[in-house]
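Participant:
There are 2 protein chains.
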Amino acid sequence: MIHEPAIAAPPVGRATIEDVAREAGVSTATVSRALRHHPYVAESTRQRVLSAVERLQYVANANAARLASGQSRTVGMVAPMLTSWYTSELTVGVEEVLTQARFDLLIGTANSAARERIFRGDARFQQRVDGVILVDVFCGEEAAGRLAEMDTPVVVLGEQLSRLTSVSIDNSRGARLAAKHLLELGHTRIALVGGHTNLDVAKNVPTERTAGFRDTLAAAGLRVQPQYLQDGDFTIAGGRDAMQRLLQLPKPPTAVFFLSDEMAFGALQAVREAGLRVGHDVSIVGFDDHPVAEAMGLTTVRQPVRDIGRLGARLMLDALDGYAPTRHHPIEVSLIERISTGRPA
Amino acid sequence: MIHEPAIAAPPVGRATIEDVAREAGVSTATVSRALRHHPYVAESTRQRVLSAVERLQYVANANAARLASGQSRTVGMVAPMLTSWYTSELTVGVEEVLTQARFDLLIGTANSAARERIFRGDARFQQRVDGVILVDVFCGEEAAGRLAEMDTPVVVLGEQLSRLTSVSIDNSRGARLAAKHLLELGHTRIALVGGHTNLDVAKNVPTERTAGFRDTLAAAGLRVQPQYLQDGDFTIAGGRDAMQRLLQLPKPPTAVFFLSDEMAFGALQAVREAGLRVGHDVSIVGFDDHPVAEAMGLTTVRQPVRDIGRLGARLMLDALDGYAPTRHHPIEVSLIERISTGRPA
DNA sequence: CTGAAAGCGCTTACAG
DNA sequence: CTGAAAGCGCTTACAG
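First to last, the protein sequences are chains E and Y. Residue numbering for the first sequence follows this note's numbering, starting at 4 and increasing by one per position. Residue numbering for the second sequence follows this note's numbering, starting at 4 and increasing by one per position.
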């Protein structure tokens, strides 16, 4: 025996805009307008719609909305080394702002092939997104010019380009702060550990930091001796190896500036393994203010990575709103003094 | 003077399925089938469609596809403390697998209100996703039973629940490995630093680890003295404070087990600040194998967090494919010996 | 301020 | 194996 339901069954699955329209006694067009804060909707009508929405637990189907409006409400982000601390942190900031504005984030890795295509204006990526955030892609002014021509807004993070909206720290200034700190402590035998081999794209980062550091030393009449220049590969292990090489020198440096905190972490370990005391026998300065840096007592140049991501996302939203003066947004760095630096022994 | 284009202008914007159909001389239905590896499409037809797709640089509009098929191709993930290392790492693993399968990931924070709603089967979240991955939500068997009744598949990460598909390490076993290691080194004055205040939800983690650790000590006729039990808040700073308290004891422990690497990082610093040597005066064991642990020389219980995320995502995809035997998937932990542990002085 | 209707670009029974 | 056509759930000129 089959039972007929006594009354019409409630709609299975989620309520649609039509259910809301019926419930509120208006058309679907009005529901759509009321929900998107369209002007020219009578306040009383809006209230009726809102209460129907509440009763029905209505949530608009994003796919339908996007299809109908032709807006994907999605921002693409292209970055190298997705799993690095830096990129994760940036992503968290971007995601935070985007999510709040009900935008989706589509993440792509920037291997060289992918980058090529973006710069050529390949449709595949652009078609799916309303705008693109480029992280540490370092394409140069020429490619940037082409990107500026596209109808898809572009925001660049980590580099300054004259024709694109961009957000980045002043790498040179950060390095100068580090140099100044070491000079003030009285160091003269100063080493610098950077890295190039591991960086497919972001070559300007080591270049700018190295230049800034040298400038400040030069102004004090000092220079980095060739044997005090080491490649640390921008990895923990590389930093450790570089530090070991420095310690084995006949006349080791009394202070070392590492272009990233992770390299400095490796160095702290190397110093300890050598039975020396950090901040005493050797002073160490990093760059980043990695979450673990405080616990390690590492003096470092702090860059607010998550804030950079947040600002980048906000600029993208502005651009999508049509309000987008193309300009560069510099972000402040600062020196955080901890126990890894001290006067030379 | 206005120039008429000599030939029809190429379609502005992206190619649609209709353009492809025209180009290939078939219907849109056939294009759709050919592209989704539908059986019953003649090989020659498929080839023609594929080459038209290539020529037109066609990419299907995901919004339209999702709307038409009724599948969101989106998986929701709910986790506490989105910015913690653990959650980020897990997310990377989940995202990796999902992206590969062309699924989107929608992330939500599991504050208590949000969790409440999920367990009540609130439609808002579920409506937008095909399935939900719950991270460290620790809802208990009762709520899990309700979740199991839903038509939306659920995968739980970090806890074992009888009626849900789940992935987690054996916390007790990890702690036992740590205890065994310290016992074998000859330690008897052993402390344990856990934390409860900072953990809104994942209370079973400290509980299970603590129990496992005590069991192994008990089997050796030892126990953790009350003054050797400290709360480290599961933060770096908390670990440091806890270590300082332990070192100030009239008879400090010779070894300390920290229930997380981050707490252990803080402890390493405290030991160094006290002028003592890690692995010599005090042995320290962590839990996680955080990316920085190796550089710190920290002996720890390794859990493959990213792998857990990957497996969780794969199980979700299986469930969405209809192949989903509900069961628990245990993940192996292992002890990584480094220089932070040694024989008691 | 509001509604009827077309349309966004796909997918999928249904019929052949 | 393939096509015509309906339909997914919205948005948006257009007309009132």
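Think of the CB as a built atom: it goes at the ideal place given N, C-alpha and C, for glycine as much as any other residue.
How big is the Cα-Cα spacing for residue 248 of chain E and residue 284 of chain E?
Facilitator: Mapped onto the first sequence, residue 248 of chain E falls at position 245. Mapped onto the first sequence, residue 284 of chain E falls at position 281. Those two C-alpha atoms are separated by around 16 Å.
Participant: Suppose you measure from the CA of residue 3 of chain Y to the CA of residue 323 of chain Y; what does that come to, to the nearest Å?
Facilitator: Not covered by the structure: residue 3 of chain Y. The range shown for chain Y is 4 to 348.
Participant: Just the chain Y side, please: which residues come within less than 8 Å of residue 272 of chain E by C-beta, in chain order?
Facilitator: Here residue 272 of chain E is taken as the residue at index 269 of the first sequence, counted from 1. Here the neighbours are 298, 299, 300.
Participant: Any beta-carbon of chain E closer than 9 Å to the one on residue 70 of chain Y?
Facilitator: Mapped onto the second sequence, residue 70 of chain Y falls at position 67. Taking Cβ atoms only, chain E reaches closer than 9 Å to residue 70 of chain Y, which makes this a yes.
Participant: So if DSSP puts residue 305 of chain E in a beta bridge, which residue, or which two residues, is it bridged to?
Facilitator: Numbered from its first residue, the first sequence carries residue 305 of chain E at position 302. In DSSP, residue 305 of chain E forms a bridge with E:291, E:337.
Participant: Could you spell out the range, first to last residue, of the beta strand (DSSP E) harbouring residue 80 of chain Y?
Facilitator: Against the second sequence, residue 80 of chain Y aligns to sequence position 77. Taken as a continuous stretch (DSSP letters only), the beta strand (DSSP E) holding residue 80 of chain Y covers 77–82.
Participant: When the Cβ atoms of the region 298–308 of chain E are set against those of the region 16–27 of chain Y, are three or more pairs found closer than 8 Å?
Facilitator: Result no; under three Cβ-Cβ pairs closer than 8 Å.
Participant: Can you tell me whether DSSP reads residue 167 of chain E as helix, strand or coil?
Facilitator: Within the first sequence, residue 167 of chain E is the residue found at index 164, counting from 1. In this structure, residue 167 of chain E counts as coil in the three-state DSSP scheme.
Participant: Is any beta-carbon of chain Y found at less than 9 Å from that of residue 334 of chain E?
Facilitator: Mapped onto the first sequence, residue 334 of chain E falls at position 331. So, not an interface residue.
Participant: Is it right to say residue 41 of chain Y is buried, meaning 16 or more other beta carbons lie within 10 angstroms of its own, or is it exposed?
Facilitator: Residue 41 of chain Y sits at position 38 when you count from the first residue of the second sequence. That one is exposed.
Participant: I'd like the list of long-range same chain contacts for residue 104 of chain E, defined as Cβ closer than 6 Å, with 5 residues on each side in sequence excluded.
Facilitator: Counted from its first residue, the first sequence places residue 104 of chain E at position 101. Result list for residue 104 of chain E: 320, in chain order.
Participant: Across the region 171–189 of chain E and the region 237–252 of chain E, are there enough close Cβ pairs to call them in contact, namely three or more that are closer than 8 Å?
Facilitator: In short, these stretches do not touch, since the Cβ pair count stays below three.
Participant: Identify which residue in E:315, E:309, E:337 has its Cα closest to the Cα of residue 327 of chain E.
Facilitator: One-based indexing of the first sequence puts residue 327 of chain E at position 324. Checked all of E:315, E:309, E:337; the closest Cα to residue 327 of chain E is E:315.
Participant: For a contact meaning CB atoms closer than 7 Å, what does residue 67 of chain E contact in chain Y?
Facilitator: Working through the first sequence from its first residue, we reach residue 67 of chain E at position 64. Near residue 67 of chain E (Cβ distances below 7 Å), the residues of chain Y are 70.
Participant: Are the CB atoms of residue 339 of chain E and residue 307 of chain E nearer to each other than 9 Å?
Facilitator: For the purposes of this step, residue 339 of chain E is taken as the residue at position 336 of the first sequence. For the purposes of this step, residue 307 of chain E is taken as the residue at position 304 of the first sequence. Their beta carbons are not under 9 Å apart, which means residue 339 of chain E does not touch residue 307 of chain E by this criterion.
Participant: Can you tell me the Cβ-Cβ gap for residue 293 of chain E and residue 169 of chain E, rounded? I've got them flagged as a contact below 8 Å.
Facilitator: Within the first sequence, numbered from 1, the residue matching residue 293 of chain E stands at position 290. Within the first sequence, numbered from 1, the residue matching residue 169 of chain E stands at position 166. At roughly 23 Å, the Cβ-Cβ gap does not stay under 8 Å, so residue 293 of chain E and residue 169 of chain E are not in contact.
Participant: Give me the Cα-Cα distance between residue 190 of chain E and residue 257 of chain E, rounded to the nearest whole angstrom.
Facilitator: On the first sequence, position 187 is the one that residue 190 of chain E refers to. On the first sequence, position 254 is the one that residue 257 of chain E refers to. Using only the alpha carbons, I get a separation of about 7 Å.
Participant: Give the interface partners of residue 349 of chain Y over in chain E, defined as CB-CB distance under 8 Å, in chain order.
Facilitator: There is simply no residue 349 of chain Y to check, as chain Y begins at 4 and stops at 348 in what is shown.
Participant: Between the C-alpha atoms of residue 337 of chain E and residue 305 of chain E, what's the straight-line distance to the nearest angstrom?
Facilitator: Translated into the one-based positions of the first sequence, residue 337 of chain E becomes position 334. Translated into the one-based positions of the first sequence, residue 305 of chain E becomes position 302. Their backbone Cα atoms lie some 5 Å apart in a straight line.
Participant: DSSP three-state label for residue 141 of chain E, please.
Facilitator: The residue given as residue 141 of chain E occupies position 138 in the first sequence. Three-state result, residue 141 of chain E: coil.
Participant: Classify residue 199 of chain E as helix, strand or coil using the three-state DSSP reduction.
Facilitator: The count along the first sequence starts at 1 and reaches residue 199 of chain E at position 196. The answer is coil: DSSP assigns residue 199 of chain E none of H, G, I, E or B.
Participant: Are the region 58–72 of chain Y and the region 268–282 of chain Y in contact at 8 Å, needing three or more beta carbon pairs?
Facilitator: No: the two stretches stay apart, fewer than three of their Cβ pairs being nearer than 8 Å.
Participant: According to the Cβ coordinates, are residue 232 of chain E and residue 186 of chain E closer than 9 Å?
Facilitator: In the first sequence, residue 232 of chain E corresponds to position 229, counting from 1. In the first sequence, residue 186 of chain E corresponds to position 183, counting from 1. No.
Participant: Between E:48, E:45, E:18, which lies nearest to residue 60 of chain E when the distance is taken from Cα to Cα?
Facilitator: Taking the first residue of the first sequence as 1, we reach residue 60 of chain E at position 57. Ranking the options by Cα distance to residue 60 of chain E, first place goes to E:18.
Participant: Could you check whether the Cβ of residue 292 of chain E sits closer than 9 Å to any Cβ belonging to chain Y?
Facilitator: Walking along the first sequence from the start, residue 292 of chain E turns up at place 289. Cβ-Cβ to chain Y under 9 Å: no for residue 292 of chain E.
Participant: Can you tell me whether residue 153 of chain E is buried or exposed, with buried defined as 16 or more other CB within 10 angstroms of its CB?
Facilitator: What you label residue 153 of chain E is simply residue 150 of the first sequence in a count that begins at 1. When all chains shown are included, residue 153 of chain E counts as exposed.
Participant: Going straight from the alpha carbon of residue 161 of chain E to that of residue 310 of chain E, what length do you get?
Facilitator: Locating residue 161 of chain E in the first sequence gives position 158, counting from the first residue. Locating residue 310 of chain E in the first sequence gives position 307, counting from the first residue. The straight-line gap from Cα to Cα measures roughly 12 Å.
Participant: Kindly indicate which three-state DSSP category residue 62 of chain Y falls into: helix, strand or coil?
Facilitator: Taking the second sequence and counting its residues from 1, one reaches residue 62 of chain Y at position 59. Three-state result, residue 62 of chain Y: coil.
Participant: Beta carbons nearer than 7 Å to chain E: which residues of the region 254–270 of chain Y have them?
Facilitator: So the close ones are 268, 269.
Participant: What did DSSP end up calling residue 325 of chain Y once you bin it into helix, strand or coil?
Facilitator: Counted from its first residue, the second sequence places residue 325 of chain Y at position 322. Coil.
Participant: I'd like to know if residue 344 of chain E contacts chain Y, where contact means its C-beta is closer than 9 Å to some C-beta of that chain.
Facilitator: The residue you call residue 344 of chain E lines up with position 341 of the first sequence. With 9 Å as the cut-off, residue 344 of chain E does not count as an interface residue toward chain Y.
Participant: Alpha carbons only, please: which of Y:144, Y:158, Y:263 is nearest the one belonging to residue 136 of chain Y?
Facilitator: The sequence position of residue 136 of chain Y within the second sequence is 133, counting from 1. Ranking the options by Cα distance to residue 136 of chain Y, first place goes to Y:158.
Participant: Output needed in chain order: residues of the region 216–243 of chain E with a Cβ under 9 Å from some Cβ in chain Y.
Facilitator: For the region 216–243 of chain E, which is checked against every Cβ of chain Y, the residues closer than 9 Å are 239, 240, 242, 243.
Participant: Judging by CA-CA distance, which residue of E:97, E:69, E:172, E:70 is the nearest neighbour of residue 82 of chain E?
Facilitator: Translated into the one-based positions of the first sequence, residue 82 of chain E becomes position 79. Measuring from the Cα of residue 82 of chain E, the nearest candidate turns out to be E:97.
Participant: Anyone know if the C-beta pair for residue 100 of chain E and residue 312 of chain E falls short of 9 Å?
Facilitator: For the purposes of this step, residue 100 of chain E is taken as residue 97 along the first sequence, with counting starting at 1. For the purposes of this step, residue 312 of chain E is taken as residue 309 along the first sequence, with counting starting at 1. Against a cut-off of 9 Å, the Cβ pair of residue 312 of chain E and residue 100 of chain E comes out as a contact.
Participant: Does chain E have any CB closer than 9 Å to the CB of residue 75 of chain Y?
Facilitator: Your numbering for residue 75 of chain Y matches position 72 in the second sequence. Taking Cβ atoms only, chain E reaches closer than 9 Å to residue 75 of chain Y, which makes this a yes.
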